[in-house]
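Quick notes on the structure that follows.
In the numbering used here, the protein residues as written are 1 to 274.
Structure below.
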């Protein structure tokens, strides 16, 4: 209704754009990737998040969430680990020790959604995002893989002629081997393929779980795929014969023994010998 544009993406941000200038006027980070967004009739904004929640945003104070709920939401956003290559301006590994401390957050940002990396009192690299509305830096999450050795390179990367969302560096006895990975891939399947491709490099199936867990730990916003019919014989999705219709011998018993059950064939009484 305001004439503004909306966008959302897998970087977890909901962005509001000025319809005339094309400038981002607000960027709202979320706990996980966003799959859809839209404007409601009353001017509020709704978006669907990868954590299974739908979040509604409003500019009307009477519809705003309580301070406690807003604080809990910010904490859930800040708890997410981010791959180093997901951060604006990073094209390779970086040295976290060279980052400024949290006192650098006293300098205001220059635009909505601007990113700034600082290190906290423990030396952990943390990503913040500038909010024009609040006039403050909001914590987006801790940066993982900051040493350039264990993290994922996020952003389309070429490997053997194909594009991938991530390109992991896996250290095997001092050798760095590349493991490509796309969003939506199954980590254990990717780890298995990596092992089969690198058997001659000393990689073996005993490393499968360790490599898969490494992918999960260093993939921002990873959501395990839903479990399907795990056991075709005992699970809830197992095959079960339909109940026989009323009037059919043996009805209600399912597939029973044709020789001993009540539905077994029996010749008519008094039948002549053969």
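Built from N, CA and C at the ideal position, the CB exists for glycine as well.
First and last residue of the uninterrupted alpha helix (DSSP H) at residue i
i, result
"residue 68", "67-78"
"residue 208", "208-217"
"residue 193", "187-197"
Beta strand (DSSP E) segment containing residue i, residue limits
i, result
"residue 54", "54-57"
"residue 287", "What is shown of the chain runs 1 to 274, which leaves residue 287 out entirely."
"residue 104", "Premise fails: residue 104 is in no beta strand (DSSP E) and is neither H nor E."
"residue 171", "162-172"
"residue 22", "No beta strand (DSSP E) holds residue 22; DSSP gives it neither H nor E."
"residue 178", "175-181"
"residue 133", "No beta strand (DSSP E) contains residue 133, which DSSP labels as neither H nor E."
"residue 7", "5-8"
Inter-residue Cα distance where the pair is residue i and residue j
i, j, result
"residue 215", "residue 127", "21 Å"
"residue 193", "residue 213", "15 Å"
"residue 2", "residue 15", "14 Å"
"residue 41", "residue 25", "20 Å"
"residue 200", "residue 23", "52 Å"
"residue 111", "residue 125", "22 Å"
"residue 148", "residue 187", "Residue confidence is low: residue 148 scores 40 on pLDDT, short of 50, so the model does not pin down where it sits. Its coordinate-derived value is still stated next. Distance between the alpha carbons of residue 148 and residue 187 is about 20 Å."
"residue 142", "residue 163", "26 Å"
"residue 80", "residue 13", "13 Å"
"residue 109", "residue 5", "23 Å"
"residue 146", "residue 99", "Unreliable positioning characterises residue 146 in this predicted model, as indicated by a pLDDT of 47, which lies under 50. The coordinate reading is nonetheless provided below. Distance between the alpha carbons of residue 146 and residue 99 is about 11 Å."
"residue 160", "residue 176", "16 Å"
"residue 67", "residue 174", "50 Å"
"residue 18", "residue 113", "14 Å"
"residue 191", "residue 62", "50 Å"
"residue 280", "residue 69", "Residue 280 is absent from the model: the chain starts at 1 and stops at 274."
"residue 150", "residue 20", "Confidence is the limiting factor: at residue 150 the pLDDT is only 40, short of 50, which leaves the residue's position unreliable, though a coordinate-based value still follows. Cα-Cα distance, rounded: 43 Å."
Beta carbon of residue i nearer than 8 Å to that of residue j
i, j, result
"residue 30", "residue 77", "yes"
"residue 52", "residue 33", "no"
"residue 36", "residue 48", "yes"
"residue 101", "residue 119", "yes"
"residue 202", "residue 172", "yes"
For residue i, the nearest candidate out of the options (CA to CA)
i, options, result
"residue 58", "205, 210, 133", "133"
"residue 166", "173, 178, 172", "178"
"residue 139", "73, 45, 206, 188", "73"
"residue 168", "181, 174, 158, 162", "181"
"residue 9", "120, 183, 211, 218", "183"
"residue 54", "61, 38, 67", "38"
"residue 28", "137, 103, 20", "137"
"residue 60", "43, 105, 204, 106", "43"
"residue 45", "106, 205, 189, 7", "7"
is_contact[residue i, chain D] using C-beta, thresh 8 Å
i, result
"residue 49", "No chain D appears in this structure, which consists of one protein chain only."
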